[in-house]
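Sequence lines, in order, name chains A and B.
For the first sequence, this note's numbering assigns the number 350 to the last residue and increments by one with no breaks.
For the second sequence, this note's numbering assigns the number 1839 to the last residue and increments by one with no breaks.
For glycine and all other residues, C-beta sits at the position ideal for the given N, C-alpha and C.
Working notes, beginning with the structure itself.
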Amino acid sequence: MSVLLTPRMMDRLTRLDVNPRRAAGGGGAGDRLAGMAGVGSLFREHRPYAPGDDLRYVDWNAYGRLRSLNVKVFEKEENLDALALIDRSASMGEGHGSKLEVALRVVAALGAVGLARGAAARIHAFPDVPGRRVAVRSIYRGRRDIDAFIRTLESVTGGGTEPMGTALRAAFPRVRPRGMAMVLTDFMDPAEGAGGWRRAIDYLVYRRVRVAAVHMVSAEERDPGALGAVRFVDSETGEEVVIDVDEKMRARYRAHFESHIREVRAYLRAKEVRHVVFEAGMTEDDVVRRLLAIGLIK
Amino acid sequence: MRFLRPEAVWLLLGALPLLALHLRRLRRRVVPVASIHLWRELAGAGAGRTGFRRLREAGALALLLAALLALTASLAAPVTGAAATRARSLVVILDASVSMNTRDGDATRFESGRAAARQAVARLAADDDVTLWLADGGAWVIAEPTADRGVIARALDGARPTLAPRSLDRALALARRALSLRRVRATLLVISDPGGAASLADEDEIAIAAVGDAAIRNAAVLGVTRTESGVRVHLAQLAGAPGERTLRVTVDGETVAELPAILTAGRESSLDVLVPERVVGASGILEARLVPPDDFVDDDANGLILRSAAPLRVVVTAPGAKVAPFLLEALRAMPSIVDADAALLASPDAAAGVLAAADVVIAEGHLPAALPADRPVLAFLDGPQSVPKPLLWGVGSHPVLDGVNLAPLRLDRALPLTAVASEVVLVDSASGPLAVAGETDGVRRVRLGFRAAASTLPLEPAFPLLVLNALRWLRSGDTLPDAVASEAPIRLSGVLPEQIDSLLMTLGETTTRVSLGPDRADPPAPVPEPGGARLLRLGLPGGASLGTTVVQWRLPRGALDADGEPRPLQAALARLPPPLPPDAPFHRLAPFLAAAAAAFLLLGSFLLSEREPGSRGAGSPSAA
């Protein structure tokens, strides 16, 4: 795998911060301020007492002065134990410019930022491919693990044809998602069925994991061009379909593909899963710029 | 069923571009994609499935090929029923080799074969065509494919057997070759004798008919040669067992001898026939014939032309050209031997040209100085070495002394002679041979070491007989052969060549005149003949007949095959296609095949029109 992030970019990223508010949320208190009122150790504001509020949070000092009951509101701490679920199936491609490379670059960027801020990160590449297992540590924590984290990502290779739903369901007993999970995939597996990606998303949501989905697309998928009568071969299943791709068909396919993206986004949105699209071939600058644009880092 | 236009089969070549297009259709650019399910959703659930697509394309190809096949069959105009067997072809191969000349009963085998051919032709329908071949050493078409029965009948009537060896295999091969060029299927009928039929293998398309009796008898008169007192007839039994035959010898049609012919199977024999004196000296055609005729009559007779007894032209030399009167008287007493009136009297120093004009030179005293080396000589010699009254003590045996009694002979003096190796001593004495006769380099000479006047010989009746014998013996020294083998050249020499100006060589019914001309040293080249006959006649100027001819028939043994299993004619005819009723219906299949072709074409086009997704309109099931 090529170099995901240059030292210059690494230096820049370690000075940025993750914006967990823009990501899908986790379940417990952590080191990061969630930007929401809740249980925490950092005073945020007073608000009038309402029946039912915990009397432990009543500011008695303020009562002595103001003779009115007010409760203290603290900043909610975020748990940034982030799990990156990276789809490395054959459809993601491999090598320079592939969707897999960009997905790894996105994880590397986000991981560098988060680990620099003391967050914890985990990596799982699916599906499992015998002989190509990714040697990962159970967790990467803090700035000292950034290099190991990046090297692990750079060792991820493509391969495998198992559907996303089947692969993740088999992996979850071992890789327990908690906090935040980011799924990086091209959503080219069937949506429905036991191996469908919807089942995988549903499982994560059910486990109360805050999920973000990075939808990897390629320029050829968006617009195949007027190929003429060709035989398309599925890179994972080997199935073939012979189609005459003229301009008419090409336009129909482009529309269908955009419709597919919209369907994915709609489903994810209904599940309160953040959906962002990244394209194959994006450089590190493109990726960071995009992450800044969509607010995942700041 | 048969096809009226089989050339339509060339249309099947149209299958090649169909196959090429099909193969080209199968080959499409392969594009790997992340997933085809979006494409499949777009194109429809049933489209693009590889297995179904391939099945559809294969089915389309099969239907198009079937359409092509049906169209081709339709254009080939198939018909069933009577039309399928109408206009049949029959090829008749009639054996005309030498063995077909054999006579069985009243007809020869060839005549029986010709009748069989007529029988086979009569069985055919009016529009069936017939081809006639004649196999006679080669193979000839005597009637090209025709339905005209008159042409066939005339061809059969004009056919004749030959003396050539059998050639049925060659004729069969050529007939088959001709049929393949015509692209016609025909029945072949081979008509031959039992031996010829046995030489062919049974095949489905060939009917073989054997005519004639397998058992034949054939004896031949191989040749006739002259003997001193008549002729010697050479006989052979060439086939079958010898029967009772009589050898009849005729001269110019007049029977001069009839005697039983002794024949032995497989062996040659000869028979000496005494011919009357009057006939021996005559000229004419002598024929020796075996009667009654056997199964092969062509070799039952042979003959020769008798030598003409033309009187000798003699030149008598004596000193001063004074010949002893009794010698002249003796010569005059034998007009059939000597043309005494034309005899020339000359001196011993006569010119060579005078002596060369003589058939025989009779010399008294001593031999002429200019005696040509090739002249026969009867010499009564004298010389200084003569001895008086020699004691005679031996008389030899020689044709010159036939019937001559020399016992009373007394000689006043005689010249002893030296006999060379080729000479026979006629009269011997104590002083040496006094009379010798011999032949050297083909020239005969009789030398007497005494003059007639110096002996008692003229007083004896033996004298004219001695002179007669000597002249006869001297005259028969010409080298015209008595018999000429068919492959040997004819050498002419001696006194006869001037009287022969040409040869007539007859082969069968063809006679060729061969002029001898000035280059007589060059014998005529032998005429090769395949076991046939040759009749040689010596044509002479002035109508005089002279010379020896040989008529030789040499039919090789086994030429008249008697082996072979019976191949009855009726059995062969039964294998020919049976006659058709004239109004037999037939059915044309072309319309049905054309309809099938159209149906296959429509179905195949429909399958091909199920184009790949991408060419459909908005009605596509999964359009976005």
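Test: residue i CB closer than 8 Å to a CB of chain D
i        : result
P1247(B) : No chain D is present in this structure, whose protein chains are A and B.
Cβ-based neighbour list, residue i, same chain, cut-off 7 Å, excluding 5 preceding and 5 following
i        : result
V181(A)  : G211 and G212
S150(A)  : M144 and A332
A1545(B) : F1678, P1679 and V1682
A1282(B) : A1812, F1815, L1816 and G1819
L1280(B) : A1230 and L1233
E1359(B) : T1346
A223(A)  : H176 and F178
D1509(B) : R1432, N1433, A1434 and D1515
For residue i, the three-state DSSP class (helix, strand or coil)
i        : result
M216(A)  : helix
H1252(B) : helix
I313(A)  : helix
Q1334(B) : helix
L68(A)   : coil
M61(A)   : helix
M268(A)  : strand
M1315(B) : helix
D133(A)  : strand
M301(A)  : helix
M234(A)  : strand
P1679(B) : helix
D296(A)  : strand
A1736(B) : A caution first: A1736(B) carries a pLDDT of 45, below 50, which makes its placement in the model too unreliable to give a value.
P1293(B) : strand
A1476(B) : strand
S143(A)  : helix
A278(A)  : coil
R1271(B) : helix
A1412(B) : helix
K151(A)  : helix
R117(A)  : helix
T1727(B) : Low per-residue confidence applies at T1727(B): pLDDT is 45, beneath 50, and the placement is therefore not dependable, though the value from the model is reported in the following sentence. Strand at T1727(B).
L1234(B) : helix
Same chain, Cβ closer than 6 Å to residue i, five either side skipped, listed in chain order
i        : result
G1609(B) : D1643
S143(A)  : D238, M240, S287 and E288
T1465(B) : E1502
V1336(B) : V1345 and I1367
V1619(B) : A1677, L1680 and L1681
S1304(B) : D1344, V1399 and A1401
A1451(B) : A1435, L1437 and E1483
H1237(B) : L1276
Beta bridge counterpart(s) of residue i as assigned by DSSP
i        : result
W1348(B) : I1308(B) and V1356(B)
A1425(B) : S1407(B)
A1503(B) : V1464(B) and N1517(B)
E331(A)  : V269(A)
Y192(A)  : A173(A)
E1654(B) : R1659(B)
L1559(B) : V1530(B)
Cβ neighbours of residue i in the same chain (closer than 8 Å, five flanking residues each side left out)
i       : result
L121(A) : P100, Y101, V110 and Y115
Going along the chain, which residues of the segment 295 to 328 of chain A sit with their C-beta nearer than 7 Å to a C-beta in chain B? Cβ contacts with chain B: I295, D296, V297, D298, M301, R304, Y305, A307, H308, F309, S311 and H312.
Give the residues from the segment 221 to 245 of chain A that approach chain B closer than 7 Å (Cβ to any Cβ), ordered along the chain. Residues passing the 7 Å Cβ filter: D238, M240 and P242.
Three or more C-beta pairs closer than 8 Å, one from the segment 1423 to 1437 of chain B and one from the segment 1804 to 1815 of chain B: is that the case here? No, the segment 1423 to 1437 of chain B is not in contact with the segment 1804 to 1815 of chain B.
Check whether the segment 1673 to 1692 of chain B and the segment 1645 to 1660 of chain B touch, using three or more Cβ-Cβ pairs below 8 Å as the test. Verdict: yes, contact present.
What are the residues in the segment 272 to 286 of chain A lying within 7 Å of chain B by C-beta distance? Along the segment 272 to 286 of chain A, the positions whose C-beta sits under 7 Å from a C-beta of chain B are E273, L279, A281, V282, R283, F284, V285 and D286, read in chain order.
Three or more beta-carbon pairs under 8 Å between the segment 1278 to 1288 of chain B and the segment 1473 to 1488 of chain B, yes or no? At 8 Å Cβ cutoff, the stretches do not touch.
Under 7 Å (Cβ pairs) to chain B, residues found in the segment 115 to 145 of chain A: So the list reads S143, given in the order they occur along the chain.
For the segment 1415 to 1427 of chain B, which residues have a CB atom closer than 9 Å to at least one CB atom of chain A, in sequence order? Taking 9 Å as the Cβ-Cβ cut-off against chain A, none of the residues of the segment 1415 to 1427 of chain B qualify.
Segment contact flag, the segment 1668 to 1675 of chain B with the segment 1644 to 1656 of chain B, C-beta cutoff 8 Å, min 3 pairs: The segment 1668 to 1675 of chain B and the segment 1644 to 1656 of chain B do not touch, with fewer than 3 CB-CB distances between them shorter than 8 Å.
How do the segment 153 to 169 of chain A and the segment 335 to 347 of chain A stand: do at least 3 beta-carbon pairs fall below 8 Å, yes or no? Enough Cβ pairs lie closer than 8 Å, so yes.
Segment contact flag, the segment 1308 to 1327 of chain B with the segment 1339 to 1353 of chain B, C-beta cutoff 8 Å, min 3 pairs: Inter-segment contact for the segment 1308 to 1327 of chain B and the segment 1339 to 1353 of chain B is present: three or more beta-carbon pairs are separated by less than 8 Å.
Assess, as a yes-or-no matter, whether the segment 1535 to 1547 of chain B is touched by the segment 1577 to 1594 of chain B under the definition of 3 or more beta carbon pairs within less than 8 Å. With a cut-off of 8 Å, the segment 1535 to 1547 of chain B and the segment 1577 to 1594 of chain B count as touching, because enough Cβ pairs lie within range.
Quick one: which residues of the segment 153 to 178 of chain A get their C-beta closer than 9 Å to a C-beta of chain B? List them in chain order. If the cut-off is 9 Å between Cβ atoms, the segment 153 to 178 of chain A has nothing near chain B.
Give a yes or no on contact between the segment 1561 to 1568 of chain B and the segment 1589 to 1598 of chain B, applying the rule of three or more CB pairs nearer than 8 Å. Touching, no, given that fewer than three Cβ pairs across the two stretches are closer than 8 Å.
Between the segment 1224 to 1256 of chain B and chain A, which residues of the former have CB atoms less than 8 Å from a CB of the latter, in chain order? Cβ contacts with chain A: R1243, R1244, V1245, V1246, P1247, V1248, A1249, S1250, I1251, H1252, L1253, W1254, R1255 and E1256.
I'd like to know if the segment 216 to 226 of chain A and the segment 246 to 253 of chain A are in contact, where contact means that at least 3 CB-CB pairs between them fall below 8 Å. Cβ pair count under 8 Å is three or more, so yes.
Whether or not the segment 160 to 171 of chain A and the segment 341 to 350 of chain A are in contact is what I'm after, with contact meaning three or more pairs of Cβ atoms, one per stretch, closer than 8 Å; do they touch? The segment 341 to 350 of chain A is in contact with the segment 160 to 171 of chain A.
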